[in-house]
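S.K.:
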Amino acid sequence: QVQLVESGGGQVQPGGSLGLSCAASGITFSIYAMGWYRQAPGKQRESVAAITSRGSTNYADSVKGRFTISRDNAKNTVYLQMNSLKPEDTAVYYCSAKPPLGSNFWGKGTLVTVSS
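At position 81 of the sequence shown the residue is numbered 313 (my numbering), and the sequence of numbers has no breaks.
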C-alpha cells in the first residue's frame, strides 16, 4: 500500500521560513519523480516544485529563488524548504509521487499559513 505522509506545515510570519517533509512507503522511492503541489482556498491545485529520480529540479516561477526541493533516497523522503514566505504562499501543500508509468500517488496534504 502506497503512503505519502507530509509533515512540517504550520503558521509563519511573512518573510519567515518553513520546511516540509514527505515520507514515502510502499514504493521503490528511488525510481519515482517527486513533487510538491499546493492548493489555496478557491484556487486550483498547482505545481510548486519537482525533482526527478536523478535529482534534476524545476520550480514554479512564483517560488523560484525562495523554495528548494530535495530528496533523500536512503530515507524515502522528499523535502521542500520554503524561505521568504509570502501571504500568497498560504495553501495546503501536497506531496506527489510520479511513477515511470501510471498515475501519480498523493499525500493528504499539510496546511501552510503565512500571516502576521
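Note that the Cβ used here is the ideal one computed from N, Cα and C, for glycine as well.
Are the beta-carbon atoms of G267 and A281 separated by less than 8 Å?
M.R.: In the sequence shown, counting from the first residue as 1, residue 267 sits at position 35. In the sequence shown, counting from the first residue as 1, residue 281 sits at position 49. Yes, the Cβ-Cβ distance between G267 and A281 is below 8 Å.
S.K.: State the DSSP-derived secondary structure class of S262, mapped to helix, strand or coil.
M.R.: Start at 1 with the first residue of the sequence shown, and residue 262 comes out as number 30. Looking at S262 - three-state DSSP - the assignment turns out to be helix.
S.K.: Here's a check: name, in chain order, each residue in its chain whose Cβ is nearer than 6 Å to the Cβ of Y311, leaving out the five neighbours to either side.
M.R.: For the purposes of this step, residue 311 is taken as the residue at position 79 of the sequence shown. Here the set comprises S253, S302.
S.K.: Going along the chain, which unbroken runs of the beta strand (DSSP E) with 3 or more residues stay wholly within the stretch 275-343?
M.R.: 278-283, 289-291, 299-304, 309-314, 323-330, all fully within the stretch 275-343.
S.K.: For my contact list, G251 and Q235 are in at a C-beta cut-off of 8 Å; report their separation, rounded to the angstrom.
M.R.: The residue labelled residue 251 in the question sits at position 19 within the sequence shown. The residue labelled residue 235 in the question sits at position 3 within the sequence shown. No, G251 and Q235 are not in contact; Cβ-Cβ is about 20 Å, not under 8 Å.
S.K.: G317: buried (16+ other C-beta within 10 angstroms of its C-beta) or exposed?
M.R.: Here the question's residue 317 lines up with position 85 in the sequence shown. Note that residue 317 corresponds to Leu in the displayed sequence, not to Gly. Counting Cβ neighbours within 10 Å, L317 comes out buried, since at least 16 surround it.
S.K.: Would you kindly report the start and end of the unbroken beta strand (DSSP E) that includes Q245?
M.R.: One-based indexing of the sequence shown puts residue 245 at position 13. Where Q245 is concerned, there is no enclosing beta strand (DSSP E), given that its DSSP letter is neither H nor E.
S.K.: Looking only at its chain, what residues have a beta carbon closer than 7 Å to the beta carbon of F261, apart from the 5 residues adjacent to it on each side?
M.R.: The count along the sequence shown starts at 1 and reaches residue 261 at position 29. Result list for F261: N305, N308, in chain order.
S.K.: Report the residue from V295, G339, T345, R270 whose alpha carbon sits nearest the alpha carbon of Q233.
M.R.: Taking the first residue of the sequence shown as position 1, residue 233 is located at position 1. The candidate whose alpha carbon is nearest that of Q233 is G339.
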